[in-house]
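Following the numbering used here, the numbering of the sequence shown begins with 20 at its first residue and continues without gaps.
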Amino acid sequence: MSQAIIAAQAGGPEVLQLKETATPEPGDGQLLVKVAATGVNFIETYQRGGIYPVQFPFTPGSEAAGEVVATGAGVEGYSAGDRVATAEGKACYAEYIVVDAAKALPVPDGITDQVAAAIPLQGMTAHYLINSTFKVQAGQTVLTHAGAGGVGLLLTQLLKARGARVITTVSTEEKETLARKAGADEVLGYEGLVSNVHELTGGVGVDVVFDGVGKATFDDSLASLRKRGTMVLFGGASGPVPEFDLQRLNAAGSLYVTRPKLADYLLDADERKWRSSELFDAVLSGGLTVDVGAAYPLADAKQAHTDLQARKTTGKVLLIP
Ligand code: NDP
20 MSQAIIAAQA GGPEVLQLKE TATPEPGDGQ LLVKVAATGV NFIETYQRGG
70 IYPVQFPFTP GSEAAGEVVA TGAGVEGYSA GDRVATAEGK ACYAEYIVVD
120 AAKALPVPDG ITDQVAAAIP LQGMTAHYLI NSTFKVQAGQ TVLTHAGAGG
170 VGLLLTQLLK ARGARVITTV STEEKETLAR KAGADEVLGY EGLVSNVHEL
220 TGGVGVDVVF DGVGKATFDD SLASLRKRGT MVLFGGASGP VPEFDLQRLN
270 AAGSLYVTRP KLADYLLDAD ERKWRSSELF DAVLSGGLTV DVGAAYPLAD
320 AKQAHTDLQA RKTTGKVLLI P
């Protein structure tokens, strides 16, 4: 037996209860991993709240890092004692998880457990957004929202390393300081965004917006784009964007809109290796800093969700079993 967070039904953060449960067993091609740290991600608040359908009782979590303690039949390339992480796990709010060996990321020496748990989901998201959804070029101007958030801080650093100009939004002065430290060129509040962006871009607008805030920012994001600019809506921290009339893209200057998700940008082993190794290498070489804003005991998953949804967190939020 071991401990895991189990939600008996959909609801507020209080449904996240620490319970004693059977330790999972690795099936064919799977690793049993003793979790050192679990990554908390916004999607788990949608799942817990019943906005994204999942089956209850439910243990959230798709991101974690830890040590392999056993391997299932047919596993090659991993053995007990290896350090691994994943962005594609299940039920990671737990002391032990099983991970498909094909979806495990070997953790290089020199990367701490907390950084290993913080990089996979938000890091590979930032990576696919700027390399594959919209390949950002040096000299382009980019607008990103929630610049002190988990994805936001990584996105800004990767964009600056690319040579882009980064305009970002935040809601507090503390968050502004963090966004500037990550390299953002311009840090704005959400009020008056469109006129401020147009002023900063000589009336032209930005080449691309990466918008994970959704409902509250979508219209301003579109209005901040240059002609033929691209709107990448990758999340809805403020709520889902309502139905959308495509004709608006024409009227606003022949714009593009896309709504990507990480799973579609991790299609095979090569893609997984490309994204994760570039991120781990960037951390090891000092080119990318991972900011763990809060690490809660696993039992306090409820508090982690409360704080994330109340906009109280910055950077990566972790749970420690
Ligand atoms: P963050 O750490 O960025 O937290 C969310 C931030 O959004 C808040 O800190 C807050 O920053 C901002 N925000 C603005 N309005 C609201 C609101 N009404 N309620 C809550 N937060 C608000 O979270 P993550 O980095 O984990 O995720 C960012 C977004 O990216 C989420 O929407 C998530 O679902 C999405 N995502 C999408 C993926 C994909 O592949 N499509 C993969 C990973 C994440 P501030 O106070 O500064 O405004």
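Every residue, glycine too, gets a C-beta built ideally from N, C-alpha and C.
Alpha-carbon to alpha-carbon, residue j and residue i
{"i": "Thr152", "j": "Asp287", "result": "17 Å"}
{"i": "Ala26", "j": "Ser81", "result": "15 Å"}
{"i": "Ala113", "j": "Arg184", "result": "40 Å"}
{"i": "Glu86", "j": "Val302", "result": "20 Å"}
{"i": "Ala203", "j": "Val34", "result": "37 Å"}
{"i": "Leu219", "j": "Val276", "result": "23 Å"}
{"i": "Leu307", "j": "Tyr209", "result": "26 Å"}
{"i": "Arg291", "j": "Val59", "result": "20 Å"}
{"i": "Ala165", "j": "Asp238", "result": "16 Å"}
{"i": "Thr196", "j": "Leu207", "result": "11 Å"}
{"i": "Leu252", "j": "Gln141", "result": "15 Å"}
{"i": "Asn37", "j": "Glu107", "result": "Correcting the residue type first, residue 37 is Leu in the shown sequence and not Asn. Between Leu37 and Glu107, the C-alpha separation is close to 22 Å."}
{"i": "Pro32", "j": "Gly158", "result": "43 Å"}
{"i": "Gln22", "j": "Pro76", "result": "15 Å"}
{"i": "Val52", "j": "Asp319", "result": "21 Å"}
{"i": "Ile186", "j": "Glu262", "result": "27 Å"}
{"i": "Arg67", "j": "Ala329", "result": "15 Å"}
{"i": "Gly201", "j": "Tyr71", "result": "As written in the sequence, residue 201 is Ala, which differs from the Gly given in the question. One C-alpha to the other measures close to 32 Å."}
{"i": "Ile24", "j": "Ser304", "result": "36 Å"}
{"i": "Val73", "j": "Leu285", "result": "21 Å"}
{"i": "Lys321", "j": "Asp310", "result": "21 Å"}
{"i": "Phe61", "j": "Leu317", "result": "16 Å"}
{"i": "Gly96", "j": "Asn269", "result": "51 Å"}
{"i": "Arg102", "j": "Lys122", "result": "13 Å"}
{"i": "Pro279", "j": "Tyr65", "result": "17 Å"}
{"i": "Ser243", "j": "Thr236", "result": "10 Å"}
{"i": "Ala145", "j": "Glu205", "result": "19 Å"}
Opposing strand residues paired with residue i [DSSP bridges]
{"i": "Phe77", "result": "Ala26"}
{"i": "Leu337", "result": "Gly58, Ala314"}
{"i": "Phe237", "result": "None, per the DSSP bridge assignment."}
{"i": "Arg184", "result": "Thr160"}
{"i": "Pro125", "result": "Val103"}
{"i": "Lys154", "result": "According to DSSP, which records beta bridges pairwise, Lys154 is partnered with nothing at all."}
{"i": "Gln49", "result": "Asp119"}
{"i": "Ser21", "result": "Thr40"}
C-beta contact flag for residue i and residue j at 7 Å
{"i": "Ile339", "j": "Ala323", "result": "no"}
{"i": "Ala256", "j": "Val228", "result": "no"}
{"i": "Met143", "j": "Arg294", "result": "yes"}
{"i": "Ala167", "j": "Val134", "result": "no"}
{"i": "Leu50", "j": "Val161", "result": "no"}
{"i": "Gly91", "j": "Asp128", "result": "no"}
{"i": "Lys234", "j": "Val260", "result": "yes"}
{"i": "Ile149", "j": "Leu124", "result": "no"}
{"i": "Ala99", "j": "Thr78", "result": "no"}
{"i": "Ala120", "j": "Ala83", "result": "no"}
{"i": "Arg245", "j": "Gly224", "result": "yes"}
{"i": "Thr163", "j": "Leu174", "result": "yes"}
{"i": "Asp346", "j": "Gly254", "result": "This structure cannot settle anything about residue 346, because the visible part of the chain is limited to 20 through 340."}
{"i": "Gly334", "j": "Gly211", "result": "no"}
{"i": "Thr332", "j": "Gly312", "result": "yes"}
{"i": "Leu337", "j": "Ala56", "result": "yes"}
{"i": "Glu44", "j": "Met20", "result": "no"}
{"i": "Ala271", "j": "Leu241", "result": "yes"}
{"i": "Ile116", "j": "Val54", "result": "yes"}
{"i": "Ala104", "j": "Val126", "result": "yes"}
{"i": "Ala29", "j": "Gly93", "result": "no"}
{"i": "Val216", "j": "Arg181", "result": "no"}
{"i": "Ile138", "j": "Leu281", "result": "no"}
Range covered by the beta strand (DSSP E) that runs through residue i
{"i": "Arg316", "result": "The displayed chain sequence assigns Pro, not Arg, to residue 316. Pro316 -> beta strand (DSSP E) spans 311-316."}
{"i": "Arg245", "result": "244-252"}
{"i": "Ala104", "result": "102-105"}
{"i": "Tyr115", "result": "115-119"}
{"i": "Ala84", "result": "82-90"}
{"i": "Leu37", "result": "36-40"}
{"i": "Glu205", "result": "205-207"}
{"i": "Phe229", "result": "225-230"}
Residue i beta carbon near the ligand COA (any heavy atom closer than 6 Å)
{"i": "Arg199", "result": "No copy of the ligand COA appears in this structure; the ligands present are the ligand NDP."}
Extent of the continuous alpha helix (DSSP H) run through residue i
{"i": "Ala180", "result": "169-181"}
{"i": "Thr144", "result": "139-147"}
{"i": "Leu212", "result": "212-219"}
{"i": "Ala201", "result": "Unbroken run through Ala201: none, as it is neither H nor E."}
Min CB distance residue i to chain B below 7 Å
{"i": "Lys280", "result": "The structure shown contains no chain B; it holds only a single protein chain."}
Discussion item. Suppose only complete runs of 3+ residues qualify. What are the beta strand (DSSP E) ranges in the segment 260-327, listed by chain order?
Written reply: Restricted to the segment 260-327, the beta strand (DSSP E) segments that are unbroken, complete and at least 3 residues in length are 275-277, 311-316, listed in chain order.
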